[in-house]
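Take a look at the structure set out below.
The following block contains the structure:
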């Protein structure tokens with residue numbers, strides 16, 4: 001399966017701890033190879049194989065934040 005990179009907007013990240021929490025939770029999603037979140041603009045880049053938007057959104061929610069549609 002090919003590697004894909006998807007971008008998401010995350011609501012509520014305001015500090016480095018927020019970023020770390022989101023990256024940790026999303027990094028545990030099956031199929032995710034790397035996660036890079038940016039506090040300044042709320043963007044998150046996820047790279048991997050065979051992961052779903054729903055799984056990423058659930059992981060972000062588990063960290064206490066929300067993915068913007």
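Numbering (full-length UniProt numbering), first residue to last: 1 to 69. The C-beta atom is built at its ideal place from N, Cα and C for all residues, glycine as well. Since the structure is predicted, the reported quantities are computational estimates derived from the model, not experimental observations.
From the options, residue whose alpha carbon lies closest to that of residue i
{"i": "residue 62", "options": "38, 5 and 28", "result": "28"}
{"i": "residue 138", "options": "39, 32, 68 and 54", "result": "This structure gives no information on residue 138, because the portion of the chain shown stretches from 1 to 69."}
{"i": "residue 33", "options": "19, 6 and 48", "result": "48"}
7 Å Cβ shell around residue i - same chain, five flanking residues per side excluded
{"i": "residue 22", "result": "10, 13, 37, 44, 60, 63 and 65"}
{"i": "residue 50", "result": "1 and 31"}
{"i": "residue 42", "result": "9, 10, 11 and 13"}
{"i": "residue 35", "result": "23, 26, 27, 44 and 46"}
{"i": "residue 6", "result": "46"}
Backbone CA spacing between residue i and residue j [nearest angstrom]
{"i": "residue 30", "j": "residue 4", "result": "14 Å"}
{"i": "residue 54", "j": "residue 8", "result": "12 Å"}
{"i": "residue 19", "j": "residue 52", "result": "20 Å"}
Integer Cβ distance of residue i from residue j, believed to fall under 8 Å
{"i": "residue 57", "j": "residue 46", "result": "That pair is no contact at about 11 Å."}
Local conformation of residue i per DSSP, three classes
{"i": "residue 66", "result": "strand"}
{"i": "residue 48", "result": "strand"}
{"i": "residue 28", "result": "coil"}
Same chain only: Cβ atoms within 8 Å of residue i, ignoring 5 sequence neighbours per side
{"i": "residue 15", "result": "39"}
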